[in-house]
Amino acid sequence: MQQLMLFDVRAHLLLPEHLMTYEPGFFSAEDSERYLKTFLKTVPFQQSKVMMYEKEVLTPRLSAWFGDRPIRDGDQRPPIRWTPELLEIKEKVEANTGTTFNGVLLNYYRDGNDSVAWHSDKDTIPGLKTEIASVSFGQARNFDFRNKQNHKQQYSLELGNGSLLLMKGDLQKFWEHRIAKSAKPMKARVNLTFRKIP
């Protein structure tokens, strides 16, 4: 597996290999285009509601959860059954990473107005280090990281079409990430995050 680290303009290592690895072009351009078109046509994406500052707001993106069980305890939405395309992708990701996953969250970013705020992923097995595999199809978007204790430690990685990012170790414990809104014109992007849910 080709492993590219995040570097700044001074060529200093930003996030080490034990926290994340990135492989651009993990899926071919042809396969990526096929998967993107399939997901846009067939996935029942929905806009979720979340509580922010004691107000219920709509998330600025669409999502769908596929897997063997609900994404978290108490979630009333039944998981959607795996599709042949998702199982194909899952098999290739698991073979590459050496990790098995039992669910995948699909996020559909329709344009530059769609985003996800700063957060760290917590939907994993308690007490174990988190491994989440992120696959991107469509428009390249910047994936920003910042240190939870020092927000001045903030870096960015462009997630390209067909890329694979593996987040692991204590990344979720000490770092948070986001996809910011963009003033530049953006086309459709579907991101898949494969997870291991207890």
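Under full-length UniProt numbering, the sequence shown has 99 at position 99, and the numbering climbs by one with no breaks.
For every residue, glycine included, the Cβ atom is placed at its ideal position computed from N, Cα and C.
These numbers come from a predicted model, not from an experiment.
| Check | Outcome |
| --- | --- |
| What residue ranges within the UniProt domain "Fe2OG dioxygenase" (100-198) form continuous alpha helix (DSSP H) runs of no fewer than 4 residues, ordered along the chain? | 171-174 |
| Under the DSSP definition of a beta bridge, which residues are partnered with Gly67? | Gly103 |
| Could you round the C-beta distance between Arg110 and Asp144 to whole angstroms and report it? I think they count as a contact, below 8 angstroms. | Not a contact, Cβ separation roughly 19 angstroms. |
| Any idea if Arg195 is buried or exposed, counting beta-carbon neighbours within 10 angstroms, 16 or more meaning buried? | buried |
| Pull up the CB-CB distance for Ala133 and Thr97, whole angstroms please, since I reckon it's below 8 angstroms. | 6 angstroms |
| Whole-angstrom Cβ separation of Asn161 and Ala29, contact assumed at under 8 angstroms? | 7 angstroms |
| From what residue to what residue does the alpha helix (DSSP H) around Glu23 run? | No alpha helix (DSSP H) holds Glu23; the beta strand (DSSP E) holding it covers Met20 to Glu23. |
| Just mark Leu86 as buried or exposed, buried being the case when its beta carbon has 16 or more other beta carbons within 10 Å. | buried |
| Starting from the C-beta of Asp68, find all residues in its chain whose C-beta is less than 8 angstroms away, skip the five residues before and the five after it, and write them out in chain order. | Pro79, Asn102, Gly103 and Ile197 |
| Quick one: Cα of Gly127 to Cα of Leu62, how far? | The predicted position of Gly127 is uncertain, since its pLDDT is 49 and thus under 50; a value taken from the coordinates is nonetheless stated next. Taking the straight line joining both Cα atoms gives about 30 angstroms. |
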